[in-house]
Amino acid sequence: MINFPVFEHLAVSDYRLFPGTSDQPGINFEIKDGISILAGINGLGKTTLINMLLRLLVGPFELP
């Protein structure tokens, strides 16, 4: 059986498109069970968010 990692909560501050403020981080949300959809217009940081999740899984290494 393959066990995939499950993200339950994401908090990001001071990172590229998600700088945040002193009152609240750039991103702070819980990821609910089921399928999550990431949608938005160009330039909002969708790919940056996906790359952050990738780095959480594989570290600072490039995949072949």
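In numbering that gives the first Met the number 0, the protein residues as written are 0 to 63. Every residue gets a Cβ at the ideal spot worked out from N, C-alpha and C, and that includes glycine.
- Message: Could you tell me the alpha carbon to alpha carbon distance between residue 2 and residue 42, rounded to whole angstroms?
- Response: Within the sequence shown, the letter at position 3 stands for residue 2. Within the sequence shown, the letter at position 43 stands for residue 42. Rounded to the nearest angstrom, the two C-alpha atoms are 33 Å apart.
- Message: Are the CB atoms of residue 44 and residue 16 within a distance shorter than 7 Å?
- Response: Numbered from 1 along the sequence shown, position 17 holds the residue referred to as residue 16. Numbered from 1 along the sequence shown, position 45 holds the residue referred to as residue 44. Contact flag set, yes.
- Cβ-based burial, residue 5 [other Cβ within 10 Å; buried from 16]: Indexing the sequence shown from 1 puts residue 5 at position 6. Under this definition residue 5 is an exposed residue.
- Message: So residue 61 and residue 30 are supposed to be a Cβ contact under 8 Å. How far apart are they, rounded?
- Response: Within the sequence shown, residue 61 is the residue found at index 62, counting from 1. Within the sequence shown, residue 30 is the residue found at index 31, counting from 1. The Cβ separation is near 26 Å, so there is no contact.
- Message: Mapping the DSSP letters down to three states, classify residue 11 as helix, strand or coil.
- Response: Residue mapping note: residue 11 aligns to position 12 of the sequence shown, counting from 1. In the structure shown, residue 11 sits in a strand (DSSP, three-state: E or B).
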